[in-house]
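As structure tokens, the structure follows; a few thoughts come after it.
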Amino acid sequence: MTTTNKPNRLAREKSPYLLQHAYNPVDWFPWSEEAFEKAKKENKPIFLSIGYSTCHWCHVMERESFEDPEVAELLNRHFVAIKVDREERPDVDHLYMAACQALTGQGGWPLTVFLTPEKEPFYAGTYFPKRSRYGRPGLMELLTRVAQLWEKGADRVKDAGRHLAGQIGEALGRTAQGEVDAGTLTRAFEQLLASYDHTFGGFGQAPKFPRPHDLLFLLRYGVRSGRREAFDMVQGTLEGMRRGGIWDHVGFGFARYSTDRRWLIPHFEKMLYDNALLVLTYLEAYQALGDQRWAQTAREIVTYVRREMTDPGGGFYSAEDADSEGEEGKFYVWTPQEITEAVGPEDGEVLCRYFGVTEEGNFEGGRSVLNEIDTDVDLLARELGMTPEEIDRKVRRGLEILRSVRDRRVHPHKDDKILTAWNGLMIAALARGARVLGDADYLVSARRAAEWLWRTLRQGDGRLLARYRDGEAGILGYLDDYAFYIWGLLELYQAGGDVAWLRRAIRLAQDVRTLFWDENEGGCFLTGSDAEALWSRPKTAEDGALPSGNSVLALDLLWLGRLTGDPAWERWAEAQLRAFAGAVSRYPAGYTFFLTAWDFAVGPSEEIVVAEPVRDEAGDSGEGFVGGPQAQGSFAAARWPAEVRRLYLPRALWVVRPDGAEGDRVSEVLPWVSGHRSKGGETQVYICRGNACERPVLWAEALQRLQSIGSGFVEE
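This is the structure in structure tokens:
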């Protein structure tokens, strides 16, 4: 970042991405009416640049162009330049990414768009070098041509922008109603199967993204259909990712994507949302496939997030950069000499051969990304005259040393803003981890984050906000913020039994109806009715890098209906599913989280009520969290039998009803469980399936019944 210039307007912003450009010679504006009024007054087009702080090519474009006085002079003379953080303003990003895709057939970041002063796009692209090269137009030439075009016929350009915005805006706000049937689920499976890489796992060629919601859908489809290929695709993908360089073998956590088919060379940035969704995916795969490695991977992702991405207040940071010291991946890669100096010659040889570190390297400059893609431990042990157990001990000890050495390197930039939506995903992942793995500490972290969000990221009237950084909460929350946070709260209730989380989920869901629901066509808009009015109010259920807010909301509503017994939630959920079913049926594989909600709706689902006697939970006062001191209900799932927690029951909801006053509070929200009680100091388990409830049983018998529902999916 250039520091010899005077600060521009971005120096007053909170976004780390905008602050990275605060000393550019470009006369940047944040997205604001001030910028558009200036453009109207001076009759200038808008140069809009959208990115995020951990984006490698955003950094490249800044160094090449936005720090360059020649580019800045041209921009400042002919344009009003606006910089937007896509993670703070997904509404702005969504509109102009749609424009870029309509104009060019592709998209990505940095996103570069030329607008009229009325905010309507007329030209778009992604990364532009300063000068034309390799067939890619240069920014200097492009700015000159656009300025000339505007000078010769601004009215014609405005007409073109108005026409394009009208076409795109109509498509973005439209829903296509219909019905999703079993055939749609099968077609989604077949589309995923057709693009599956049977050699390395994952879908398509390169670049390869984790796509966790595809894997969550495949697990459910495998259960429903009995198709072994669905589980094989999940297993092969998780295996390929875990062995590849997209996994940080030293410090844990997954990078955003692999640049190659083999999962070898990552784009090194790490995103909170990827890692949260992958915790959920590896946990479900552990339950469904019985592979202990996937439980360990989930634990290691959580270790990374709690160590590197957790704010002292309890929330979770957004991302870590791909670059350090101006070089992509420098923090993560190794040479044989560096490894040998760290662990010694004998262990160095083991580590280099185990992780594919060579003198030639597999990355730039003769350096290597650690990976296990071609590792054969038995063969390596024979060649080195060791046992596989000795190899394993040396690798584990060596990785601890490498982690210590790497910690002394210059760390990548951390985007420390806290986003409500992404935190909702991490809360869901931690709560699920507490329930599946029996780790009470995970629940502490989830509760702490959820409570911090509730206190910090809401206005006085209860309106949810989207972003917190540097002591300031701001930006009206989007649909994703509500849907993902509700998901986290519902997972928290099921893991810990404190009905106050359920109450909060209900309150937020009621706000969604008021702020986002389209009463005319159904479905929810991305932005609230109280948000800034842009040239379109988008609405989609298509699942991209993250599941869409509409897809997650559909599952939230179904869960609320089954948990509370209130049919109004179910009716809303049915309307939500119908609103997008027509679009889903055209290309089901693009809506896999939506289909996960549909799978739950089709059922049969299970409601499992765990009626517990009052217990004294020593060491957990619960102070500072909703519900006050927690003498009962705390860590309920963590003390359930491990055999129960390991069961894969994708359509099950868990209701905890303690005896005593806490149980009475549960019954106020869930009146249908008011008669559920423990017996003789023993937990009673009530299993309801397909709208029919069985007699209460003890854990041992409950396990047998649940095993008949939730096990035996994969051949041993």
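Residue numbers for the sequence shown follow my numbering, so the first one is 41 and each next one is one higher.
The C-beta atom is built at its ideal place from N, Cα and C for all residues, glycine as well.
- The C-alpha of Leu420 lies about 14 Å from the C-alpha of Arg433.
- The three-state reading of DSSP puts Val197 in helix, counting H, G and I together.
- The alpha carbon of Val319 has as its nearest neighbour, out of Arg679, His253, Phe395, the alpha carbon of His253.
- In the DSSP assignment, Arg251 is bridged to no other residue.
- In the DSSP assignment, Arg729 falls within the unbroken beta strand (DSSP E) covering 724-729.
- Within a 10 Å sphere around the beta-carbon of Ala205 sit 16 or more other beta-carbons, which makes this residue buried.
- Residue environment analysis places Arg260 among the buried positions, since at least 16 neighbouring C-beta atoms fall within 10 angstroms of its C-beta.
- Taking the C-beta atoms as reference points, Ile86 is found no nearer than 8 Å to Pro150.
- Around Ala629, the same chain offers Ala228, Gln231, Leu232 as residues with beta carbons nearer than 7 Å, after the five sequence neighbours per side are excluded.
- Setting aside the 5 residues that flank it on each side, Gly244 is surrounded in the same chain by Ser235, Asp237, each with a C-beta closer than 8 Å to its C-beta; the list follows chain order.
- Under the DSSP definition of a beta bridge, Phe294 partners with Trp287.
- Taken in chain order, the unbroken stretches of alpha helix (DSSP H) that lie wholly in the segment 417-491 and span 4 residues or more are 417-424, 428-446, 460-477.
- In the structure shown, Tyr508 falls within a strand segment according to DSSP collapsed to helix, strand and coil.
- Judged by beta-carbon spacing, Leu470 lies beyond the 8 Å limit of Ala480, meaning their Cβ atoms are not closer than that value.
- Residue range 151-155 is occupied by the beta strand (DSSP E) that includes Leu151.
- Setting aside the 5 residues that flank it on each side, Leu58 is surrounded in the same chain by Leu50, Pro70, Lys123, Asp125, each with a C-beta closer than 7 Å to its C-beta; the list follows chain order.
- The three-state reading of DSSP puts Ile208 in helix, counting H, G and I together.
- Pairwise C-beta distances place the segment 595-613 in contact with the segment 527-546, as three or more of them are shorter than 8 Å.
- With fewer than 16 neighbouring CB atoms inside 10 Å of its own CB, Arg185 falls in the exposed class.
- Within 10 angstroms of the beta-carbon of Thr343 lie fewer than 16 other beta-carbons, which makes it exposed.
- For Gly91, the secondary structure class from DSSP, reduced to helix, strand or coil, is strand.
- Runs of the alpha helix (DSSP H) lying entirely within the segment 687-750, each at least 4 residues long, are 700-709, 739-750 in chain order.
- Two segments are said to touch when three or more pairs of C-beta atoms, one from each, lie closer than 8 Å; by this definition the segment 511-527 touches the segment 589-596.
- Distance from the CA of Val737 to the CA of Gln744, rounded to the nearest whole angstrom, comes to 10 Å.
- When DSSP states are grouped into helix, strand and coil, Arg301 belongs to the coil group.
- Put simply, the backbone Cα of Trp541 is about 10 Å away from that of Arg547.
- In this structure, Leu519 is the residue among Ser576, Leu519, Val539 with its C-alpha nearest to the C-alpha of Gly563.
- DSSP, read as helix, strand or coil, puts Gly514 in strand.
- The C-alpha of His451 is placed about 22 Å away from the C-alpha of Thr380.
- The shortest CA-to-CA distance from Leu114 to any of Lys170, Phe308, Phe620 is the one to Lys170.
- Under the three-state reduction of DSSP, Thr350 is assigned to strand.
- By the Cβ rule, the segment 411-419 does not count as touching the segment 319-335, because fewer than three pairs are nearer than 8 Å.
- Relative to Gly285, the option among Asp272, Phe271, Asp300 whose CA is nearest is Asp300.
- Under a 10 Å Cβ-count criterion, Asp639 is classified as buried, with 16 or more other Cβ atoms of the shown protein chains found around its own Cβ.
- By the CB criterion at 8 Å, Glu53 and Tyr92 fall outside the cutoff.
- The beta-carbon separation of Ala581 and Tyr631, rounded to 6 Å, stays under the 8 Å limit for a contact.
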